[in-house]
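Worksheet: the structure to be examined is printed underneath.
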Amino acid sequence: MRCKWYLVCPLRRYEREKKIDSGWSAKYCQSEHGWRECKRYKLEAQGIYHPDNMLPNGEIDESLR
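Position one of the sequence shown corresponds to residue 6 (the working numbering), numbered consecutively onward.
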């Protein structure tokens with residue numbers, strides 16, 4: 006089961022543009038329970054703003070624009 010926000014997550018665009026490794030998706034977005042550990046998922050579920058360039062581990066990657 007993948008994350009319910011997988012299709013609209015801005016990280017997919019970064020992945021398509023080869024700005025991030027597909028390992029992020031494999032570990033957090035598409036694994037059985039990995040999305041539950043995703044900081045982006047947790048913030049979204051609480052309705053808390055988070056920038057598009059926040060990685061699933063909570064790190065802000067300033068190079069992503």
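Every residue gets a Cβ at the ideal spot worked out from N, C-alpha and C, and that includes glycine. Quantities reported herein were computed from a predicted structural model and do not represent experimental measurements.
Check                                                                                                                                               : Outcome
According to DSSP, what are the bridge partners of M59?                                                                                             : I65
Measure the beta-carbon distance from M117 to I65 and round it to whole angstroms, keeping in mind my assumption that it falls under 8 Å.           : With the chain running from 6 to 70 in the structure shown, residue 117 is simply not present.
For Y19 and R45, what's the separation of their Cα atoms in angstroms?                                                                              : 15 Å
Who are the near neighbours of P15 in its chain, counting only those whose CB is closer than 7 Å to its CB and skipping five residues on each side? : D57
In its own chain, which residues sit with a C-beta less than 6 Å from the C-beta of I25, not counting the 5 before and 5 after it?                  : Y19
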